[in-house]
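Student: Dumping the structure here so I can ask a few things about it.
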Amino acid sequence: MAKFNIFIAILALFLVASTVLADNSIENEISPSGLSDDDYDDEDLISPSPYGDGVDYDDDYDEASPPTTEEDSYGRECALILGQDCGYQVFYGIFYDQSVNTTCCHKLVYMGKDCSDVLVKSVLKSPALGQFDPKQVLEKSAKVYDRCASLYEEEAPSPSFF
């Protein structure tokens, strides 16, 4: 059963990651479909150099980027704070009642409750996690976060005026 749970978790993370990556990739690659090598010259295959032609290509970069919502951008920033290893631990803590170490608890609390909620809601969008009740997952997420916050608060020194 544990191997199956790990497989499901890895599959879910793969699906979420591939969705994020697919959003950032080019939808249609330019390819000479249907043409043979004899249908075009080698010069057609050579891209002009972006250097030295006086055009600032960075100006057009934002226009070429795929559209993202503020929540997507915020979620990516949150995921960077948490990191991959801690992301796995928190995922297993929420979905499979496993423990989260103090280092990952600190990262979870540091990124904040809003970040945690955005990431959990993002993961819940994955069809591979359809067997989980979103309400229960959000409740478990709050418990994991609160448990981590209590550890973090216990270790923090209290302010002293003397």
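Letter by letter, the sequence shown follows residues -22 to -1, 1 to 140 in mature numbering (1 follows the signal peptide of the UniProt record, and there is no 0).
Glycine is no exception: its CB is placed at the ideal position from the N, C-alpha and C atoms.
1. Report the rounded CA-to-CA distance for LYS103 versus ASP111, giving the unit in angstroms.
2. So, using beta-carbon positions, are LEU97 and GLY53 closer together than 7 Å?
3. State the start and end residues of the unbroken alpha helix (DSSP H) segment that holds LYS103.
4. Reducing DSSP to helix, strand and coil, say where PHE110 ends up.
5. Tell me which same chain residues have a C-beta within less than 6 Å of the C-beta of CYS64, skipping the five on either side of it?
6. How long is the line joining the alpha carbons of ALA106 and LEU129, rounded to whole angstroms?
7. Counting only the same chain and skipping the five closest in sequence on each side, list residues whose C-beta sits under 8 Å from that of SER119.
8. Does the Cβ-Cβ distance between CYS126 and VAL87 come in under 7 Å?
9. In whole angstroms, give me the CA-to-CA distance for TYR123 and GLU48.
10. What three-state label does DSSP hand TYR123 in the structure shown?
11. Measuring CA to CA, which of GLN109, ASP50, LEU60 is closest to MET89?
12. Checking 7 Å against the spacing of the C-beta atoms, do GLN62 and VAL78 come in under that value?
13. In the DSSP assignment, find the unbroken alpha helix (DSSP H) run with GLY81 in it and report its ends.
14. Can you name the start and end residues of the alpha helix (DSSP H) that GLN67 belongs to?
Tutor: Based on what the coordinates show:
1. 12 Å
2. yes
3. Segment: none, LYS103 is in no alpha helix (DSSP H) and carries neither H nor E.
4. coil
5. CYS82, LYS85
6. 32 Å
7. ILE72, SER94, ASP95, VAL98
8. yes
9. 23 Å
10. helix
11. LEU60
12. no
13. Sequence inspection shows Thr at residue 81; the Gly mentioned does not correspond to that position. Unbroken alpha helix (DSSP H) run through THR81: 80 to 89.
14. 62 to 74
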